[in-house]
Amino acid sequence: LEGVQNVTAYTQMLSRLLPSDIRMEKLHGRMRSEEKDRIMENFAAHHIDVLISTTVIEVGINVPNASVMMIEDAQRFGLAQLHQLRGRVGRGEEQSFCIFVDTSGGKASKRLEILGKTNDGFEIAEEDLKLRGPGELFGLRQSGELSFQIADIYRDADLLFLAKNLLPC
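Structure below.
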């Protein structure tokens, strides 16, 4: 419910700050499918200037005229999710911009810099793995350092693939 409240509050705040002729709408996952579809159709048809949304727009949305996206609290998202969100803009002829706002005081800036250097999803995943660690191979932790005593998962990746291929399946 937090996302719905934030989108609603943010939409209300922007409506007070922006000129009254700016047409705004909010979008979140708790809306009925028909309502979400109507809003997206209006946005695609240029009947909405600013769309404030939760990450419900991450997949399945194609609006070629969307040219600017701002992601607040970007430090709260994984790089793969930010890369996916960023892919929602820049599908048309217009130059596009994706602005990541880090409200953590710069703690996540190294992670976010990766997105400024590349659009290659595989490269982003590799860099994220190096920064956050792979977590446990047979456990629940999805990030953090491995407890290997001898091998280094980054330096010895080719050795790990070789060993995997030698094992009978």
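With our numbering as the guide, the letters of the sequence shown map in order to residues 6 to 174. Note that the Cβ used here is the ideal one computed from N, Cα and C, for glycine as well.
1) Using CA coordinates, which residue listed in Gln89, Ala85, Arg91 and Glu99 is at the minimum distance from Leu134?
2) Please decide whether Ile104 counts as near chain C, where near means a Cβ-Cβ distance under 8 Å.
3) Using alpha carbons as the reference points, say which of Ala162, Thr123, Leu136 and Glu98 lies closest to Arg116.
4) Could you check the C-alpha separation between Leu6 and Thr16 for me, to the nearest Å?
5) Using 8 Å for Cβ pairs, my map puts Glu30 next to Asn47. What's the rounded Cβ distance?
6) Going by C-alpha distance, which of Ser114, Met36, Met45 and Pro139 is nearest Pro69?
7) DSSP on Ile53, reduced to helix/strand/coil?
8) Exposed or buried, what is His88 when buried is set at 16 or more other beta-carbons lying within 10 Å of its beta-carbon?
9) If Leu56 sits next to Leu32, beta carbons under 8 Å apart, how far is it from one beta carbon to the other, in whole angstroms?
Straight from the coordinates:
1) As a working mapping, residue 134 is identified with position 129 in the sequence shown. It is Ala85.
2) Of the protein chains in this structure there is only one, and it is not chain C.
3) Residue numbering aside, residue 116 sits at position 111 when the sequence shown is read from its first letter. Considering only alpha carbons, the answer is Leu136.
4) Along the sequence shown, one-based indexing puts residue 6 at 1. Along the sequence shown, one-based indexing puts residue 16 at 11. Low confidence applies to Leu6: its pLDDT is 44, below 50, so where it sits in the model is not reliable, and the reading given next is rough at best. Rounded to whole angstroms, Leu6 to Thr16 spans 16 Å at the Cα level.
5) Position 25 of the sequence shown, counted from the first residue, corresponds to residue 30. Position 42 of the sequence shown, counted from the first residue, corresponds to residue 47. Their Cβ separation, rounded to whole angstroms, is 7 Å, which keeps Glu30 and Asn47 in contact under 8 Å.
6) One-based indexing of the sequence shown puts residue 69 at position 64. Answer by Cα proximity: Met45.
7) Against the sequence shown, residue 53 aligns to sequence position 48. Coil.
8) On the sequence shown, residue 88 is found 83 positions in, with the first residue counted as 1. Burial call: buried.
9) As a working mapping, residue 56 is identified with position 51 in the sequence shown. As a working mapping, residue 32 is identified with position 27 in the sequence shown. Sure, about 6 Å apart at Cβ, within 8 Å.
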